[in-house]
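This report refers to the structure that appears directly beneath it.
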Amino acid sequence: MNVAYIYKDTFAVIGKAGQGLADNPQAWILPLWSQFDANFSEIVGVIRRNENGMPVGVWGAMNDVDESNKRWGENATGEPAQGKYMAGCEADIDAQPPAGWTKWIIPAQTYMTVKCTMAAYDDVFSKIVNDPDIQIVGTVHERYPDPGNPSIVELWFPISDGIMYCQSCHMPITKPEEFGTETGGNPSHDYCSNCYSDGTFAAK
98 MNVAYIYKDT FAVIGKAGQG LADNPQAWIL PLWSQFDANF SEIVGVIRRN ENGMPVGVWG
158 AMNDVDESNK RWGENATGEP AQGKYMAGCE ADIDAQPPAG WTKWIIPAQT YMTVKCTMAA
218 YDDVFSKIVN DPDIQIVGTV HERYPDPGNP SIVELWFPIS DGIMYCQSCH MPITKPEEFG
278 TETGGNPSHD YCSNCYSDGT FAAK
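Going left to right, the sequence shown walks through residues 98 to 301 as our numbering numbers them.
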């Protein structure tokens, strides 16, 4: 898998939001993307854009029904849980959504990101969320790195509230290149690149 770790500061997503059964998301999520596409011109002036005028980030942001950024799951009665989803674009925290649009604030977190095709989405998602060695601390988000190609998606799994710190030297780890690597090259959850590389600690 194409895995990277990255810290992202608090940001906003402005989009079309809805609520539905967590175990049948496509029935109610696809219409949100249709609404987003049909009315995108209404938010062009309030979202983050690059020098070419393109959106900085197109997100499929997820939330629990209380909008507390907790993972979707079963409710207290054991019945299928409901979740919320937003088809939207990244924006500044103080941006004001136009009428008919919703804004969510996504808290600062460190994410494990995995890039995949939509065809592989379910397999990749299931493998990560069911891995006992990966602790997911909040709702997972989708980011579409190429807005013109929705078949490619990045899954953003929050693994820490806020910044992660190296367990050896206590350096804050905020960029993909700052994470150490396990044997074989996978990012380390615990150590920075100065202290740990290819499964081996650096000599002191």
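Note that CB positions come from ideal geometry on N, CA and C, so glycine has one too.
Computed from a predicted model, the values in this text were never measured in an experiment.
Buried or exposed: where does residue i fall if 16 or more other Cβ atoms within 10 Å of its Cβ makes it buried?
i	result
N166	buried
D161	buried
E187	buried
M151	exposed
Do residue j and residue i count as a contact pair if the criterion is CB distance below 9 Å?
i	j	result
K113	W198	yes
I260	Y104	yes
T107	I203	yes
G218	W253	Correcting the residue identity first, residue 218 is Tyr in this sequence and not Gly. Going by C-beta atoms, Y218 is not nearer than 9 Å to W253.
W201	E251	no
G277	C289	yes
Check for me: the alpha helix (DSSP H) holding residue i runs from which residue to which?
i	result
A124	123-135
For the beta strand (DSSP E) that contains residue i, what are its first and last residues?
i	result
S257	249-258
Q193	Per DSSP, Q193 belongs to no beta strand (DSSP E) and is neither H nor E.
I140	Element bounds for I140: n/a, residue is neither H nor E.
T278	276-278
For residue i, write down the residues that DSSP places opposite it in a beta bridge.
i	result
A186	Note that residue 186 is Cys in the sequence shown here, rather than Ala. In DSSP, C186 forms a bridge with I111, V155.
V100	V211
W201	V110
N166	Beta-bridge pairing links N166 to no other residue.
M261	I270
Y293	F298
Please give the ranges of any beta strand (DSSP E) in the stretch 220-247, keeping only runs that are unbroken, at least 3 residues long and fully inside the region. 238-241
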